[in-house]
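Report on the structure given below.
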Amino acid sequence: MITLQNLSYKVFDNKEEKYILKNLNISFPKGKLTVITGQNGSGKSTLMKIIAGISKQSEGNVFFGEKNIDECSISQRANLGITTAFQQPVRFKGITVRDLINLASKKQNTVAQACEFLAKVGLCAKDYIDRPLDGTLSGGEMKRIELAMALAKGGEVFLFDEPEAGIDLWSFEELVGLFKELKGKTVIIVSHQKKILQSADFVMLLNRDGQAVFGEKIEVLDMIEQPQCRKMGGAK
Ligand SMILES: Nc1ncnc2c1ncn2[C@@H]1O[C@H](COP(=O)(O)OP(=O)(O)OP(=O)(O)O)[C@@H](O)[C@H]1O
Ligand SMILES: [Mg+2]
14 MITLQNLSYK VFDNKEEKYI LKNLNISFPK GKLTVITGQN GSGKSTLMKI
64 IAGISKQSEG NVFFGEKNID ECSISQRANL GITTAFQQPV RFKGITVRDL
114 INLASKKQNT VAQACEFLAK VGLCAKDYID RPLDGTLSGG EMKRIELAMA
164 LAKGGEVFLF DEPEAGIDLW SFEELVGLFK ELKGKTVIIV SHQKKILQSA
214 DFVMLLNRDG QAVFGEKIEV LDMIEQPQCR KMGGAK
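Residues in the sequence shown are numbered consecutively from 14, following this note's numbering.
Here is the structure:
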């Protein structure tokens with residue numbers, strides 16, 4: 014479980030203080046899938062970066078279970094089991110997809126094991142396993158490889174920022190199936206897509222004032238459908 018306690022993030026915009034996230038008190042439950050949605054610029058990626066330790070909140074605290082992780086670095090959080098799938102994989106010359114999966118899982122996988130991760134993200138393993146990570150991979154293929162890395166790494170908390178970006182619409186069902194497989198974990202996904210929102214247990218709607226509505230999917234999606242809510246930043 015990840016808990017935000019009085020969490021705020023502010024920036025200086027034209028010398029004026031502006032809250033991107035304001036006094037959030039939210040728990041993302043273990044074993045549940047939460048989808049964060051809201052207008053462009055409402056602070057979704059900022060929140061994911063704060064949980065991952067890439068950005069630091071201005072006020073408030075973040076807890077991993079009972080543990081306050083405010084002072085933990087990105088790698089300490091990763092070691093605790095907070096796994097992200099939104100940073101571009103490292104691209105060293107000569108490194109292959111298989112090397113990357115081994116790096117992520119911190120072990121030498123057999124070909125069959127490595128292929129399993131690729132198959133889960135819809136890549137035909139034999140075609141990709143020995144591909145070098147270079148500019149010849151398409152955007153969607155790279156995105157899938159990032160997802161495969163997150164699965165290979167494992168963890169307790171999975172953070173996905175717009176995992177659907179660059180993934181063709183026909184593969185959405187598979188993508189949703191993949192999230193459902195992370196049973197028992199805390200899964201937090203930023204998405205604008207209705208199909209992904211529909212797969213959530215909980216939905217968090219961020220608005221442009223830095224505040225959020227958090228609740229069971231049905232309640233929040235009903236709210237998003239209300240015309241007055243569209244101004245707040247419902248799903249596309
Ligand atoms: N240092 C900064 N100074 C001014 N504004 C900033 C700074 N850092 C972030 N912002 C603003 O914070 C807001 C939130 O950005 P963020 O990337 O979290 O939005 P988002 O909800 O992920 O949007 P999108 O749907 O487009 O991905 C944006 O308006 C961004 O311009
Ligand atoms: Mg974003």
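Ideal Cβ positions, reconstructed from N, Cα and C, are used throughout, including at glycine.
Within 10 angstroms of its Cβ, does residue i collect 16 or more other Cβ (buried), or is it exposed?
i: Cys137; result: exposed
i: Asn55; result: The residue you asked about is not Asn; residue 55 is Ser in the sequence shown. Buried.
i: Lys28; result: exposed
i: Gln121; result: exposed
i: Ser86; result: exposed
i: Gln211; result: exposed
i: Gly66; result: buried
i: Gly179; result: exposed
In whole angstroms, what separates the C-alpha of residue i from that of residue j?
i: Val15; j: Leu60; result: The displayed chain sequence assigns Ile, not Val, to residue 15. Ile15 and Leu60: Cα-Cα distance of roughly 12 Å.
i: Ala161; j: Phe130; result: 5 Å
i: Leu182; j: Ile82; result: 37 Å
i: Lys193; j: Gly223; result: 29 Å
i: Leu113; j: Asp174; result: 20 Å
i: Gly73; j: Asp143; result: 45 Å
i: Glu84; j: Asp140; result: 42 Å
i: Leu46; j: Glu187; result: 16 Å
i: Val48; j: Lys106; result: 36 Å
i: Val189; j: Ile209; result: 6 Å
i: Gly276; j: Ser58; result: The question about residue 276 has no answer, for the chain in this structure spans 14 to 249.
Please list the terminal residues of the continuous alpha helix (DSSP H) segment that includes residue i.
i: Asp235; result: 230-238
If I follow the unbroken beta strand (DSSP E) through residue i, where does it start and stop?
i: Gly73; result: 72-77
i: Asn19; result: 15-26
i: Leu191; result: Not the beta strand (DSSP E): Leu191 falls in the alpha helix (DSSP H), residues 185-193.
Relative to ligand 2, is the shortest distance from any of its heavy atoms to the C-beta of residue i smaller than 7 Å?
i: Val12; result: It is not possible to answer for residue 12, since the shown part of the chain is limited to 14 through 249.
Any heavy atom of ligand 1 closer than 7 Å to the beta-carbon of residue i?
i: Asn27; result: no
i: Gly51; result: yes
i: Gly54; result: yes
i: Val75; result: no
i: Val24; result: yes
i: Ile33; result: yes
Query raised in the report: What residues sit near ligand 2, counting only those whose C-beta is closer than 7 Å to one of its heavy atoms, in chain order?
Result: That gives Lys57, Ser58, Asp174, Glu175, Val203.
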